[in-house]
Amino acid sequence: MPIRRYLLGAFMLVGISAIPVAADEPAILRNIAAFFATDDVARRVDLAHQIEQDPAYDRGRVHEWLHAAVQFEPRRPGDDTLAVRLTDGSTRRVALRIPPGYDHHRPSPLIYALHGAGGNGSQIIGYVARLLGERADDFVIAAPTGYEEVIIHHNYWPPTAEHPTIWKALRRYVHVDSDRIYVTGYSRGGHTTWTLAMLHADQFAGAMPLAGYFSTLYGDALWEPFRHNLANLPTVCIWGAGDKLNADGNESSAGGIAGMNRAFRQLVNDDEWSLPVTMVEDPAAGHSNVCPPADQVRRLFSRRREHSPQRCEHAFRHIYQAQCYWIEGHEWRGGQWDGRKRTVHLNPGETVMSDEDIKNAACRMYRGLLGYLTGTREGQFFDVGRKKVGVLTVWFHDDMIDWDQPVKLDVSHRTRFEGKLTPSLYVCLSQAARTGDLDRLRWAGLFFNGQRKTVPVTADTGFPTFAEMVAVGD
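Taking this note's numbering, the leading residue of the sequence shown gets 52, the next gets one more, and so forth.
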């Protein structure tokens, strides 16, 4: 697949002219602003060098300086709308609620809300605001209307990566605290909340699906590969005990949303990882009147995102979903679960006359088409596993290693790197610009090319865009 440098320069910025080195904080802020305003790599390298050479430079203040240097336009409190262009050329309209106290100079927590069938962004924003009460004014609330990527097993191909594309656009439009982004939704939006929590867990501080369940092919048969995606994401699911009907209004043989969530609760309770998932059944509710307990809402929307867990595991369908905290996949290799019809192969002893045999065979096939990333870290040692992923980067944050000591990286049971890493301001700023994330700062990276070569990330390292990744099929 083609890999090219992806440089984000869409922030509104000031101070983009050449800035002489000066021993003062304003010069550093102007140089950071100038870094984000250009996509010229040589210019960026020079600016990062100037900042690091400034006597006032303090690496511990870079996070603070980023939020001060990257400028955002003021937004009037109240209702707003953002149009986001997707990779297929279509446009998704996103409704926003800008709180009365919004200050574009300071980062705000964000709730990403997902409406039910037949609804729209403004309606779910109203629901979430009522749910939060006075606390609604602490958050920017954003909600796309008519979103399409709802479930993992959607048939259209290639996907548009619509939700991550919207999140990047939101990070440019409003000043977001990326460590406090939450996802919630009702009914169809509850299904989508589960899907986004599974596929993009490292983007959120918390997830709250309401009156929805984790929907995959064949009921609960494909839950097992995905459940550990939630190992580091606090998730609270609320549903009504009376929510037992299918979409057609008839009684569901699986117990409807209530039955599926009870089954998932059992899976969570039996899991050896002690998943941070809370499953709450409201005995008095059906489908349309679920109301989460106030204490659960308060706790969940006060959490902060995990940066670099010691253990993580991530299953996914497409390479643009290959984000696993401190591991990022860039290239898919092998067969892929795309939109084509597949032939199911039965094992000896299985028969086409048995629905259970056909289901088991189909689930084996789909599990075999998933990508996986796994990672464990202990001290200075990092062990990364992969399936369907060729090229990847392992990222290093300040809370992960002692920079004065060598690190060892194993990928797929082979040592790929041993040595010291140096925190690089260029890497930190360029990755913040690429992702739009000003809070989880990447100070170094090891780029594994899928063969034998593993090298530190530098200005010469290129990364694919969403458009390039979603264009790649089987």
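Where is the CB? At the ideal position from N, CA and C, for every residue including glycine. Because the structure is a prediction, the values reported are computed rather than measured.
If I measure Cβ to Cβ from residue i and keep anything under 8 Å in the same chain, skipping five residues before and after, which residues do I get?
i	result
T211	L137, T138, D139, S141, E199, E200 and V521
F517	T138, A212, P215, T216 and Y371
T244	L165, V234, T235, G236, A258, M259, P260, L261 and G263
V395	I409, A412, A413 and M416
L250	I203, N280, F367, R368 and Q372
V72	Because the pLDDT of V72 is 41, which lies under 50, any placement of that residue in the model is unreliable, and the question is left without a value.
Y178	A164 and Y237
Per the DSSP calculation, residue i is bridged to which residue(s)?
i	result
M404	Note: M404 sits in no beta bridge, so no partner.
K438	Y423
T505	F499
C375	I378
Y233	I162 and G257
V478	Beta-bridge pairing links V478 to no other residue.
T466	D461
W383	V440
V227	S159
W446	G496
I289	L261 and V331
G415	It is worth fixing the name first, because residue 415 is Arg in this sequence and not Gly. Beta-bridge pairing links R415 to no other residue.
R428	F433
Could you pull out every residue in the same chain whose Cβ sits closer than 6 Å to the Cβ of residue i, ignoring the five residues on either side in sequence?
i	result
N206	G390
E357	N283
G501	G441 and V442
G337	G291, G293 and D294
R148	I176 and I192
R491	H358
F468	L460, L497 and T505
T509	none
P209	V521
R127	none
E76	A107
V92	A510
S229	D488 and D490
Confirm, please, whether the CB-CB distance from residue j to residue i is below 9 Å.
i	j	result
R222	D488	yes
G167	A262	yes
Y417	G436	no
L472	E379	no
T486	F498	no
P150	F123	no
D333	G291	yes
C414	A272	yes
T89	R144	no
R349	R186	yes
G426	C342	no
V227	P125	no
A120	H156	no
K439	L420	yes
W494	H464	no
A256	R239	no
I452	Q482	no
W274	L326	no
G172	A134	no
T286	V328	yes
F315	F352	no
I308	G385	no
F86	A99	yes
Ignore the nearest five residues each way along the sequence and tell me which others in residue i's own chain have a CB closer than 7 Å to its CB.
i	result
A252	N280, L281, N283 and L284
G152	D188
I79	I102, D105, A107, Y108 and W116
R393	M416
M52	With a pLDDT of 42 at M52, under the threshold of 50, the modelled position of that residue is not reliable, and the figure given next carries that caveat. So the list reads E382, P515, E519 and V523, once near-sequence residues are dropped.
A305	G270 and M311
I289	L261, V331, D333, V341 and P343
Practice prompt. Can you check the stretch 291-368 for any beta strand (DSSP E) of at least 3 residues that lies completely inside it and give the ranges in chain order?
Written response: 328-333 and 362-367
Practice prompt. Count the CB pairs spanning the stretch 270-286 and the stretch 235-243 that are closer than 8 Å, and state whether there are at least three.
Written response: No: the two stretches stay apart, fewer than three of their Cβ pairs being nearer than 8 Å.
Worksheet entry | Sufficient close CB pairs (3 or more, under 8 Å) joining the stretch 207-226 to the stretch 363-380 | yes
Worksheet item: For the stretch 147-221, which segments carrying the alpha helix (DSSP H) assignment without a break, of at least 4 residues, lie completely within its bounds, in sequence order?
Response: You should have 172-183.
Practice prompt. Tell me the start and end of each unbroken beta strand (DSSP E) in the stretch 257-287 that is at least 3 residues and wholly inside, in chain order.
Written response: 257-261
Fill in: Every unbroken alpha helix (DSSP H) inside the stretch 78-149 [4 residues or more]
Unbroken alpha helix (DSSP H) runs of no fewer than 4 residues, entirely contained in the stretch 78-149, are found at 92-104 and 113-120, following chain order.
Discussion item. For the structure I just gave you, are there three or more beta carbon pairs, one from the stretch 405-415 and one from the stretch 449-456, closer than 8 Å?
Written reply: no
Discussion item. Between the stretch 466-481 and the stretch 101-110, can you find at least three pairs of beta-carbon atoms closer than 8 Å?
Written reply: yes
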